[in-house]
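Undergrad: Residue numbers are given in full-length UniProt numbering: position 183 of the sequence shown equals residue 183, and the series is strictly consecutive. Just so you know, even glycine gets a beta-carbon here, dropped at the ideal spot from N, CA and C.
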Amino acid sequence: MDSLLDSDRDRRRRRTRTSVLDAAEALFTERGYRQTSVEDLAKAADVAVTSVYGNFAGGKAEVYAVLGCRTARDHAARMAEVVDAAPDGAAAARAALAEYIRFHRDCPLAFRLLGLTDIADTASGHESSGADVAGRARAEIATRLGGVVDHVVRRVSRSTGDEDDARTAVLLGWASVNGILSLLQQNLIDEKTADNLLGAAVEASLSRLAQTDWSDIATR
């Protein structure tokens, strides 16, 4: 996969890119994307503004896109670690859901970054360079997250015996979690309510996975 994260051979450039991405994650989380300027990023990363553009030609939007790719990479690595450590498919399903929630708790901006929410207009804009980077980032994130789903489904299906059924249950569980996280981000629910709903979503998903006669369930 041609990644926007491909490391530059120049160690100094790698350090600069990492510093800018780290600064961006902190500032975008604290202030929001639109309230953060390139000058803010440069100051927080302790680099010149020209260095930001030298490493991210598309400016702030490209920084956001690459940060989204880094978040997807880190998310995939964390998910793989807990799923591979699980002793069986049922444990893998629980571990995957728990880590999915934990990751988004640890990285509050992840939900927006993985959807490239704040640069959605860039992907359909008139600036070809910005649209190209956003499009590439969207494809890379989708590939990484799709790989996460496939990996979890393969592990879970060892218990259910049917990969299609496992995929349905896993995706329904994650869709429920995503919906709850979205409600929380929109301030439609508070943290306590979100925690209760997330717990219920996990148990409902695991209960569904434990069902054996899926055809009967589907026709009830």
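Taking the C-alpha atoms as reference points, what is the distance between aspartate 40 and valine 49?
TA: Your numbering for residue 40 matches position 40 in the sequence shown. Your numbering for residue 49 matches position 49 in the sequence shown. Approximately 9 Å, taken between the alpha carbons.
Undergrad: Is glycine 199 buried or exposed, if buried means 16 or more other CB atoms sit within 10 Å of its CB?
TA: Position 199 of the sequence shown, counted from the first residue, corresponds to residue 199. Label assigned to glycine 199: exposed.
Undergrad: Can you tell which of Ala137, Thr168, Ser176 and Arg138 has its C-alpha closest to the C-alpha of residue 269?
TA: Absent from the structure is residue 269, since the part of the chain shown begins at 1 and ends at 220.
Undergrad: Do leucine 206 and arginine 94 count as a contact pair if the criterion is CB distance below 9 Å?
TA: Numbered from its first residue, the sequence shown carries residue 94 at position 94. Numbered from its first residue, the sequence shown carries residue 206 at position 206. A contact, by the Cβ cut-off of 9 Å.
Undergrad: For serine 205, report the span of its alpha helix (DSSP H) as first-last.
TA: Looking up residue 205 in the sequence shown gives position 205. Element bounds for serine 205: 191-210.
Undergrad: If we count Cβ pairs, one from each stretch, closer than 8 Å, do we get three or more for the segment 78-95 versus the segment 140-159?
TA: yes
Undergrad: Measuring straight from C-alpha to C-alpha, what distance separates isoleucine 141 and glycine 135?
TA: The residue labelled residue 141 in the question sits at position 141 within the sequence shown. The residue labelled residue 135 in the question sits at position 135 within the sequence shown. Roughly 10 Å separates the two Cα atoms.
Undergrad: What number of angstroms, rounded off, separates the C-alpha of glycine 68 from the C-alpha of aspartate 88?
TA: Position 68 of the sequence shown, counting from 1, holds the residue named residue 68. Position 88 of the sequence shown, counting from 1, holds the residue named residue 88. Approximately 31 Å between the Cα atoms of the pair.
Undergrad: Where does serine 215 sit, in a helix, a strand or coil, going by DSSP?
TA: For this step, residue 215 is matched to residue 215 along the sequence shown. Residue confidence for serine 215 is low, a pLDDT of 39 falling below 50, so the modelled location carries little weight; the figure read from the coordinates is stated next. Looking at serine 215 - three-state DSSP - the assignment turns out to be helix.
Undergrad: Given a cut-off of 9 Å on the beta-carbon distance, is the pair alanine 210 and valine 177 in contact?
TA: On the sequence shown, position 210 is the one that residue 210 refers to. On the sequence shown, position 177 is the one that residue 177 refers to. Contact: no.
Undergrad: Since I believe valine 20 is in contact with arginine 61 (beta carbons under 8 Å), could you give me their beta-carbon distance rounded to a whole number of angstroms?
TA: Along the sequence shown, read from residue 1 onward, the residue named residue 61 stands at position 61. Along the sequence shown, read from residue 1 onward, the residue named residue 20 stands at position 20. At residue 61 the sequence reads alanine, which differs from the arginine that was named. Wrong, their Cβ atoms sit about 13 Å apart, outside the cutoff.
Undergrad: Per DSSP, what kind of secondary structure is glycine 89 in: helix, strand or coil?
TA: Within the sequence shown, numbered from 1, the residue matching residue 89 stands at position 89. For glycine 89, the three-state secondary structure derived from DSSP is helix.
Undergrad: What did DSSP end up calling aspartate 46 once you bin it into helix, strand or coil?
TA: The sequence position of residue 46 within the sequence shown is 46, counting from 1. The three-state reading of DSSP puts aspartate 46 in coil, since its state is none of H, G, I, E or B.
Undergrad: Please tell me whether valine 52 and alanine 137 are closer than 9 Å, where the distance is taken between their beta carbons.
TA: Start at 1 with the first residue of the sequence shown, and residue 52 comes out as number 52. Start at 1 with the first residue of the sequence shown, and residue 137 comes out as number 137. Their beta carbons are not under 9 Å apart, which means valine 52 does not touch alanine 137 by this criterion.
Undergrad: Expressed to the nearest angstrom, what Euclidean distance is found between the alpha-carbon atoms of valine 43 and aspartate 22?
TA: Here residue 43 refers to the residue found at position 43 when the sequence shown is read from its first residue. Here residue 22 refers to the residue found at position 22 when the sequence shown is read from its first residue. The question names valine, but residue 43 in the sequence shown is lysine. Taking the straight line from one Cα to the other gives about 12 Å.
Undergrad: Excluding the five sequence neighbours on either side, which residues of its own chain have a C-beta within less than 8 Å of the C-beta of methionine 79, listed in chain order?
TA: Along the sequence shown, read from residue 1 onward, the residue named residue 79 stands at position 79. Take methionine 79, set aside five residues on each side of it, and the residues of its chain with a beta-carbon closer than 8 Å to its own are Ala96, Glu99, Tyr100, Phe103, Val148, His151 and Val152, in chain order.
Undergrad: Where glutamate 127 and alanine 77 are concerned, what is the direct C-alpha to C-alpha distance, given to the nearest angstrom?
TA: Here residue 127 corresponds to residue number 127 of the sequence shown, with the count starting at 1. Here residue 77 corresponds to residue number 77 of the sequence shown, with the count starting at 1. Reliability fails at glutamate 127, whose pLDDT of 49 lies under 50, so the model's placement of it is uncertain and no value is given.
Undergrad: Less than 9 Å between the beta carbons of threonine 71 and cysteine 107, yes or no?
TA: Counting from one through the sequence shown, the residue named residue 71 turns up at place 71. Counting from one through the sequence shown, the residue named residue 107 turns up at place 107. A contact, by the Cβ cut-off of 9 Å.
Undergrad: Distance check for aspartate 118 and tyrosine 33, CA to CA, integer angstroms please.
TA: Position 33 of the sequence shown, counted from the first residue, corresponds to residue 33. Position 118 of the sequence shown, counted from the first residue, corresponds to residue 118. Each residue's Cα considered, the two are about 7 Å apart.
Undergrad: Under the rule that 16 or more other beta-carbon atoms within 10 Å means buried, what is threonine 36, buried or exposed?
TA: Here the question's residue 36 lines up with position 36 in the sequence shown. Flag for threonine 36 reads buried.
Undergrad: What is the C-beta distance between leucine 181 and phenylalanine 111, in whole angstroms, given that I count them as a contact (C-beta under 8 Å)?
TA: Position 181 of the sequence shown, counted from the start, is the residue given in the question as residue 181. Position 111 of the sequence shown, counted from the start, is the residue given in the question as residue 111. At roughly 5 Å, the Cβ-Cβ gap stays under 8 Å, so leucine 181 and phenylalanine 111 are in contact.
Undergrad: What does the Cβ neighbour count give for asparagine 187, buried or exposed, with the cut at 16 atoms within 10 Å?
TA: The sequence position of residue 187 within the sequence shown is 187, counting from 1. With fewer than 16 other Cβ atoms within 10 Å, it is exposed.
Undergrad: Should glycine 58 be labelled buried (16 or more other beta-carbon atoms within 10 Å of its own) or exposed?
TA: Residue 58 sits at position 58 when you count from the first residue of the sequence shown. Buried, by the Cβ-count rule.
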